[in-house]
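Those protein sequence lines, which keep their order, are chains A and B. If you count the first sequence from 1, position 252 lands on 251 in numbering that gives the first Met the number 0, and the numbers rise without skipping. If you count the second sequence from 1, position 509 lands on 508 in numbering that gives the first Met the number 0, and the numbers rise without skipping. Positions of the beta carbon are idealized from the N, C-alpha and C atoms, including for glycine. A quick note: this is a predicted structure, and the numbers were derived from the prediction, not measured. Let me begin by presenting the structure, written as structure tokens, before commenting on it.
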Amino acid sequence: MALLAYTIRRLLMLIPVLLGMSLIVFAIIHAIPGDPALTILGEKASPQALADLREQLGLNNPWYMQYFHYLGNLLKGDLGVSLHSKAPITVEMGPYLAATIELTLVSMLFAVFIGVNAGIISAWKQNSWFDYTCMLIALIGVSMPVFWLGLMEQWVFAQELKWLPSIGRDNPRDPVAEITHFYIIDSILAGRWDHFRDVVEHLILPGIALGTIPMAIIARITRSSMLEVMRSDYIRTARAKGLGQFFVVYKHALKNALIPVLTIVGVQVGLLIGGAVLTETIFGWPGVGRYIYTAIGNRDYPVIQSGILVIATIFVLINLVVDLLYAYVDPRIKYR
Amino acid sequence: MKKKVLTAAMTSLLALSMVLAGCSSSQPAQQPSDQGQAQQQTPPAEPAKNEPKQLIIGRGADTKSLDPIRETDGETFRVTENIYETLVSYEDTNTTVIPGLAESWEISEDGLTYTFKLRQGVKFHDGTDFNAEAVKFNFDRWMDKSNKYHNPEGFPYYNDMFGGYKGDPDHVIKEIKVVDAHTIQFVLNRTQAPFLANLGMSPFAIASPKAIEGGKLGDEPVGTGPFKFAGWKRNDIITLEKNPDYWNKGYPKLDKVIFKVIPENTARLTALTSGEIDLMDGLNPDDAEAVKENKDLQLLLRPSMNVGYLAFNTEKKPFDNPKVRQAISHAINKPEMVKAFYSGLGEPATNPMPPSLWGYNDQIKDREYNLDQAKKLLAEAGYPNGFKVQFMAMPVPRPYIPDGKKMAEAIQQDLKKIGIETEIVTMEWATYLEKTRLGEYEMCLLGWNGDNGDPDNFLYTLLDKNTINGNNIPRYSNEEVHQLLLKAQSTSDQKERETLYKKAQELIFNDAPLVPIAHSTPPIAAKAGVTGYQPHPKGSESVEKVDIQ
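Structure follows, in structure tokens:
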């Protein structure tokens with residue numbers, strides 16, 4: 000019951016957060032110079048055509064009128080219409096969001112699996128060669144620029160070794176039929192295992208590029224958190240009882256060490272969804288980050304606003320889920 | 000005990016790496032459905048006899064919409080040119096007008112009536128007939144703002160090329176008469192010299208009236224062209240399929256054309272090298288050499304129809320003085336610029352229009368790179384010790400100036416030597432365009448890509464006093480040039496027009512409102528097996544004649 004009340008309270012808190020954020024985003028994009036009409040009509044437009052278009056897009060109204068107009072539509076569940084493509088943003092954003100979420104999940108899977116395990120073993124084998132190697136790799140991983148890593152991956156694995164495809168989500172010569180826009184699911188639904196393999200192959204390089212930094216962060220956090228827990232009395236007790244090392248580490252210690260890791264994972268997932276622009280650009284990934292990035296260049300105000308709003312909502316929701324998971328991992332945590 | 004845990008952990012790591020490796024070491028050749036797939040051990044095998052011929056074109060950005068009247072960008076036209084056709088067309092590598100959907104035409108003595116004979120037996124992709132009524136339907140849609148199929152945001156190219164819309168005082172077309180099913184007549188209000196050339200421009204593409212009425216032309220285009228629209232995943236791929244009923248027998252050679260968005264230039268080249276795509280543009284000039292040396296690839300050069308220039312704000316001091324502008328012209332080492340910033344893929348420019356256009360004045364000898372001469376002119380202008388200005392450099396690579404910032408830095412060094420201190424500033428592209436248009440700058444880099452291969456499209460557009468606040472970035476206003484350009488616009492006689500444009504170029508050269516730096520020849524990289532690809536100076540082309548081995 001307390002959990003339900005907590006969840007509802009957290010969801011209600013979303014409203015002021017999103018409202019405040021939409022206002023900030025709105026203010027910023029209207030403060031930067033640049034004219035959406037000019038970007039729509041291009042370098043060659045006549046001044047008259049520009050003036051007409053500005054009027055028609057409602058850009059001549061005062062900013063607060065534009066903002067309230069936008070909010071009004073938002074309440075009706077209408078994210079607005081792209082100034083550029085004239086398509087409703089709700090419809091347009093779906094496939095992009097799916098592409099980004101698919102990539103994010105894969106890279107987080109990679110990051111969590113490798114990061115947590117490397118962190119655990121490093122802590123347990125503290126000061127061993129394994130520990131040093133892992134932490135060195137983690138340090139390099141944290142400081143590795145994503146675009147550099149991405150280009151290197153493409154060069155080695157696509158261009159030189161020809162093991163993996165370097166761009167896109169599927170093979171353009173034989174594209175996946177879109178149903179849910181999650182290609183892994185779509186290829187399974189269609190029963191096309193060749194497509195499934197193709198999609199997985201396309202996910203590997205961008206997944207690793209995107210997952211490397213979170214992986215390194217997770218490894219470091221897990222290690223330090225585990226080190227702390229491993230020194231506590233109950234671990235000594237567990238060992239004294241004669242429990243197996245594996246059991247002690249993965250069952251007793253990990254559970255208590257997991258809270259900070261969980262927090263980091265939550266934050267990282269949120270960051271990846273909005274921050275995958277570089278990876279998406281390098282790997283030709285038609286994701287939501289690039290969608291918004293292009294919209295900024297075009298001064299496509301509704302797309303920027305709604306795009307950021309959607310990502311922020313996802314970010315907040317993920318962190319809510321993480322908060323709820325705390326109780327599952329550590330029953331001592333109570334929600335009030 | 001310890002060993003056990005380590006083993007467990009290592010096994011899990013190993014398991015993952017095996018998953019990764021497993022995905023990569025499989026043999027695509029074993030799976031029949033994977034034929035022609037990109038990621039093969041060797042470059043993609045030659046397609047078997049019955050294998051459909053596909054061409055994948057990698058490019059930097061997606062098309063905005065497939066209704067050509069709505070858009071002005073090249074990424075839209077390079078796709079629509081394969082789907083739709085225009086009444087007249089251009090030769091493969093230059094802007095000479097040739098028949099398109101119109102087989103032939105007659106121009107009346109006074110230059111006011113154009114009668115076109117249309118090609119017979121042509122059908123739109125939706126099965127409806129192409130005829131004079133269809134042509135009229137399209138023109139009515141374009142020229143009449145109150146037509147219910149007109150684009151709500153207007154048709155920028157129509158407005159620019161045909162003097163406004165129906166009812167505007169300068170509108171060129173007075174009346175369109177359907178003479179019979181395959182003959183259509185255009186009566187003009189005034190003579191317009193580049194009228195035919197204009198009709199060949201990609202935005203003036205004839206679409207199926209039925210599809211226009213359907214209201215979804217932008218998403219589901221229907222034309223008469225060599226390829227039919229087959230599908231579009233936004234920001235990813237557009238797929239076109241062969242039109243088996245295409246009137247030009249024997250074409251197209253390809254069964255399928257796929258336009259694939261890969262924003263990053265380096266990644267696009269990697270995709271080409273690894274065989275995932277067959278052709279690309281937007282090659283970094285630095286990579287041109289590598290493409291030339293790779294025997295699996297070929298390098299194609301697009302004939303220049305552009306100019307990259309350094310503009311002065313002629314309304315502001317000290318650039319209101321022609322001597323200052325001439326001095327700076329002497330201080331720019333154009334051949335070195337071409338070598339350094341275009342990797343040699345371009346030629347130094349003298350005039351604001353490229354030499355591939357008719358009417359180019361090749362008698363004008365460019366100001367040589369001579370710093371003493373520059374200093375002398377500055378002193379004559381009253382600035383013996385130079386001055387300080389702000390210099391705007393483009394934030395994005397354009398075909399006419401691949402790297403604005405680096406070029407600005409090189410110019411800065413040279414100007415320093417003659418005492419002119421410059422502060423290089425740059426800003427986001429949309430802002431940059433706005434500021435340069437409105438004259439909120441002192442000195443800037445910019446350029447122009449031509450549209451229809453007519454000198455008017457460079458000289459009038461860039462330097463007539465009517466286009467201030469538009470594309471006349473230097474805000475150059477010379478009454479004599481203005482009169483020459485207007486006269487050339489209303490003359491049909493090509494010889495006379497040539498004379499007028501040559502004279503205008505002389506005057507412009509003397510005033511030096513801008514320093515033309517280079518005409519670039521943008522490189523295109525393709526697989527060695529791609530044949531018949533002819534880059535057109537106008538910037539995009541249909542791939543009708545392209546074949547792939």
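Query	Result
Chain-ordered residues of the region 90 to 110 of chain A with a beta carbon less than 9 Å from chain B	91, 94, 95, 98 and 109
Euclidean distance between Cα positions of residue 417 of chain B and residue 372 of chain B	10 Å
CB contact check: residue 240 of chain A to chain B, cutoff 7 Å	no
N-terminal and C-terminal residue of the beta strand (DSSP E) that residue 500 of chain B is part of	Run containing residue 500 of chain B: none in the beta strand (DSSP E); it sits in the alpha helix (DSSP H), 493 to 510.
Span of the alpha helix (DSSP H), counted from its first residue to its last, around residue 206 of chain A	192 to 229
is_contact[residue 130 of chain A, chain C] using C-beta, thresh 7 Å	Absent here is chain C; the protein component of the structure consists of chains A and B.
Spatial neighbours of residue 137 of chain B in its chain, beta-carbon cut-off 7 Å, leaving aside the 5 residues before and after	205 and 206
Spatial distance of residue 93 of chain B from residue 538 of chain B (CA atoms)	11 Å
Three-state secondary structure (DSSP) of residue 36 of chain A	helix
Cross-chain neighbours of residue 259 of chain B in chain A, by beta carbon under 9 Å	166, 167, 171 and 283
Residues sharing a beta bridge with residue 301 of chain B, DSSP	Partner(s): none; residue 301 of chain B has no beta bridge.
CB-CB length for residue 588 of chain B against residue 122 of chain B, believed under 8 Å	Coverage of chain B is limited to positions 0 through 548, which leaves residue 588 of chain B absent and any answer about it impossible.
8 Å contact criterion, which residue 119 of chain A and residue 11 of chain A should meet: CB distance rounded	Rounded, the Cβ-Cβ distance is 38 Å, inconsistent with contact.
Enclosing alpha helix (DSSP H) for residue 531 of chain B [first to last residue]	Counting along the chain, residue 531 of chain B falls outside any alpha helix (DSSP H), and DSSP gives it neither H nor E.
Beta bridge counterpart(s) of residue 447 of chain B as assigned by DSSP	B:306
Cβ-Cβ distance between residue 313 of chain A and residue 272 of chain A below 7 Å	yes
Euclidean distance between Cα positions of residue 133 of chain A and residue 117 of chain A	7 Å
Residue range of the alpha helix (DSSP H) that includes residue 50 of chain B	First-last for residue 50 of chain B: undefined, no H or E at that position.
Inter-residue spacing [alpha-carbon to alpha-carbon] between residue 286 of chain A and residue 290 of chain B	30 Å
Closer than 7 Å to chain A by CB, residue 53 of chain B	yes
Residue-chain proximity (residue 392 of chain B, chain A), Cβ-Cβ < 7 Å	no
Backbone CA spacing between residue 410 of chain B and residue 396 of chain B [nearest angstrom]	17 Å
Distance cut-off 6 Å: residue 195 of chain A Cβ against heavy atoms of the ligand FMN	By its list of ligands, the structure shown contains no ligand whatsoever, and the ligand FMN lies outside what it can speak to.
Cβ separation of residue 109 of chain A and residue 265 of chain A, assumed to be a contact under 8 Å, to the nearest whole Å	Not quite, the Cβ-Cβ distance comes to about 17 Å (not below 8 Å), so this is no contact.
Per DSSP, cross-strand counterpart(s) of residue 88 of chain B	B:97
Rounded separation between residue 329 of chain B and residue 358 of chain B - CA only	25 Å
Residue 48 of chain A to residue 36 of chain A span [Cα, whole Å]	9 Å
Sequence-distant residues of its chain with Cβ nearer than 6 Å to residue 155 of chain B (five each side left out)	71
CB contact below 7 Å: residue 47 of chain B versus chain A	Residue placement at residue 47 of chain B cannot be trusted, given a pLDDT of 48 that sits under 50; what the coordinates show is reported in the next sentence. It does not; no Cβ of chain A falls within 7 Å.
Proximity below 7 Å, CB of residue 97 of chain A to CB of residue 195 of chain A	no
Under 7 Å from the C-beta of residue 9 of chain A: neighbouring residues of chain B	What residue 9 of chain A touches in chain B: nothing, since even the nearest Cβ is about 34 Å away.
Inter-residue CB distance, residue 24 of chain A and residue 307 of chain A (contact presumed, cutoff 8 Å)	5 Å
Beta strand (DSSP E) segment containing residue 113 of chain B, residue limits	112 to 117
Of the residues B:351, B:367 and B:368, the one placed nearest residue 360 of chain B, counting alpha carbons only	B:351
Option nearest residue 58 of chain B by Cα separation, candidates B:236, B:325, B:545 and B:114	B:236
Spatial neighbours of residue 298 of chain B in its chain, beta-carbon cut-off 7 Å, leaving aside the 5 residues before and after	287, 290, 291, 522 and 524
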